[in-house]
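Peer 1: My questions will all concern the structure given below.
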Amino acid sequence: MRCLIICFLIYVSLTDVTTAENSVVEFHMEKSSNRNPCTYFENERVAVGVEGLINCTWYAPNACCKRTEVTSVFSRMPPLYGASQECTNHVNYMMCYFCAPDQVYWYHKDQDRKVHVCIDFCKSVHHHCQGAMYEGTRIGDVYQNGTSFCEAQNFHVIDGKQNCFKFDPGVFDLANTISGSGLLVLVLSFITLGFQ
Ligand SMILES: *[C@@H]1O[C@H](CO)[C@@H](O)[C@H](O)[C@H]1NC(C)=O
Ligand SMILES: *[C@@H]1O[C@H](CO)[C@@H](O)[C@H](O)[C@H]1NC(C)=O
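Numbered by mature numbering (1 follows the signal peptide of the UniProt record, and there is no 0), the letters in the sequence shown go through residues -20 to -1, 1 to 176 in order.
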């Protein structure tokens, strides 16, 4: 099955930037002693606050990715035609997996090196995106169900709710309700983190 959207984008984009990023000095290291390890990445990276994180903004207070990596992945994303807001939200959330600070629970460096994704997330992304078009193909025509969609992204589908990557609709509800003050909320979370 052809790998659409997520796995290709992330593979290409992250292999590009990782080399460039190695020379960048890590700030915040002194605060990181009891942060979760970022198992998706090769070096000894831990989750830290990332100021000005775009696209995967909900992870800004505690993220495994860098701003440049997210920019690189999202700038290569071809448009999904006819995608509802729900579809876009689901795909964006799925693409941000490498930022998630809890990846140690569902990405095992020493095992299969695949994102272990909860089946419910796969079902809902498939449900909301089946009518959308990607590179001239209707997603629902290529993938009959959520499992085949996620497996085509090179994810490993977990038939359960534990130790798997799951969707959090709350991050988008928040953005919709308070759109203008979203930045303020982020700024406030940084301030709070700083004084803990
Ligand atoms: C990612 O964020 C940038 C800057 O906010 C925005 O222009 C772009 O449309 C976003 N990309 C996606 C796919 O949401
Ligand atoms: C999902 O679709 C694939 C073919 O695309 C099929 O082989 C598989 O049995 C389906 N799984 C479920 C749970 O329906």
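Backbone N, C-alpha and C define an ideal beta-carbon position, used for all residues, glycine too.
Mind checking serine 52: buried by the 16 CB within 10 Å criterion, or exposed?
Peer 2: Indexing the sequence shown from 1 puts residue 52 at position 72. The residue in question, serine 52, is buried, as its Cβ has 16 or more Cβ neighbours within 10 Å.
Peer 1: In chain order, what residues of the same chain lie with their CB nearer than 8 Å to the CB of arginine 93, ignoring the 5 residues before and after it?
Peer 2: Numbered from 1 along the sequence shown, position 113 holds the residue referred to as residue 93. For arginine 93, where only same-chain residues beyond five positions count, the Cβ hits under 8 Å are Tyr87.
Peer 1: Mind checking who valine 95 pairs with in its DSSP beta bridge?
Peer 2: Counting from 1 along the sequence shown, the entry for residue 95 is found at position 115. BP columns for valine 95 point to Tyr87.
Peer 1: Decide if lysine 46 is buried, meaning its Cβ has at least 16 other Cβ atoms within 10 Å, or exposed.
Peer 2: Here residue 46 corresponds to residue number 66 of the sequence shown, with the count starting at 1. Buried: at least 16 other Cβ atoms inside 10 Å.
Peer 1: Measuring only the C-alpha atoms, how far is tyrosine 85 from glycine 120?
Peer 2: Here residue 85 refers to the residue found at position 105 when the sequence shown is read from its first residue. Here residue 120 refers to the residue found at position 140 when the sequence shown is read from its first residue. Cα to Cα, tyrosine 85 sits roughly 30 Å from glycine 120.
Peer 1: Tell me whether alanine 63 is buried or exposed, calling it buried when 16 or more other Cβ atoms sit within 10 Å of its Cβ.
Peer 2: Taking the first residue of the sequence shown as 1, we reach residue 63 at position 83. Alanine 63 comes out buried.
Peer 1: Can you look up phenylalanine 145 in the DSSP assignment and give me helix, strand or coil?
Peer 2: Taking the sequence shown and counting its residues from 1, the one referred to as residue 145 is at position 165. Here phenylalanine 145 sits in strand by DSSP.
Peer 1: Mapping the DSSP letters down to three states, classify arginine 25 as helix, strand or coil.
Peer 2: For this step, residue 25 is matched to residue 45 along the sequence shown. Residue state, collapsed to three classes: coil.
Peer 1: Taking 8 Å as the line, does the beta carbon of leucine 117 fall inside it for any heavy atom of ligand 2?
Peer 2: Taking the sequence shown and counting its residues from 1, one reaches residue 117 at position 137. Looking at the sequence itself, residue 117 is threonine, so the reference to leucine does not match. Flag unset: Cβ of threonine 117 not near ligand 2.
Peer 1: Hey, quick one: how far does the alpha helix (DSSP H) through valine 122 stretch, first residue to last?
Peer 2: The count along the sequence shown starts at 1 and reaches residue 122 at position 142. Taken as a continuous stretch (DSSP letters only), the alpha helix (DSSP H) holding valine 122 covers 119 to 122.
Peer 1: Using the Cβ count rule (16 or more neighbours within 10 Å means buried), how would you classify isoleucine 34?
Peer 2: Within the sequence shown, numbered from 1, the residue matching residue 34 stands at position 54. Per the 10 Å Cβ criterion, exposed.
Peer 1: Using 8 Å as the threshold, is the stretch 35 to 43 in touch with the stretch 105 to 114, meaning 3 or more CB pairs across them?
Peer 2: no
Peer 1: Grab me the residues of glutamine 91's own chain with a C-beta within less than 7 Å of its C-beta, minus the 5 sequence neighbours each way, in chain order.
Peer 2: In the sequence shown, residue 91 corresponds to position 111, counting from 1. When the five nearest sequence neighbours on each side are left out, no beta carbon in the same chain lies closer than 7 Å to the beta carbon of glutamine 91.
Peer 1: Return the CA-CA distance between proline 41 and leucine 60, expressed in angstroms with no decimal places.
Peer 2: Residue numbering aside, residue 41 sits at position 61 when the sequence shown is read from its first letter. Residue numbering aside, residue 60 sits at position 80 when the sequence shown is read from its first letter. Near 29 Å, if we compare the C-alpha coordinates of leucine 60 and proline 41.
Peer 1: Cβ of asparagine 125 within 8 Å of any heavy atom in ligand 2?
Peer 2: Residue 125 sits at position 145 when you count from the first residue of the sequence shown. Answer for asparagine 125: yes, Cβ within range of ligand 2.
Peer 1: Could you pull the start and end residues of the beta strand (DSSP E) that valine 137 belongs to?
Peer 2: Stepping through the sequence shown from its first residue, residue 137 is reached at position 157. Counting along the chain, the beta strand (DSSP E) containing valine 137 begins and ends at 136 to 138.
Peer 1: Which residues in the same chain as cysteine 144 place their Cβ atom closer than 7 Å to its Cβ, once the five residues preceding and following it in sequence are excluded?
Peer 2: Counting from 1 along the sequence shown, the entry for residue 144 is found at position 164. Excluding sequence neighbours, cysteine 144 sits near Trp86, His96, Val97, Cys98, Ile138.
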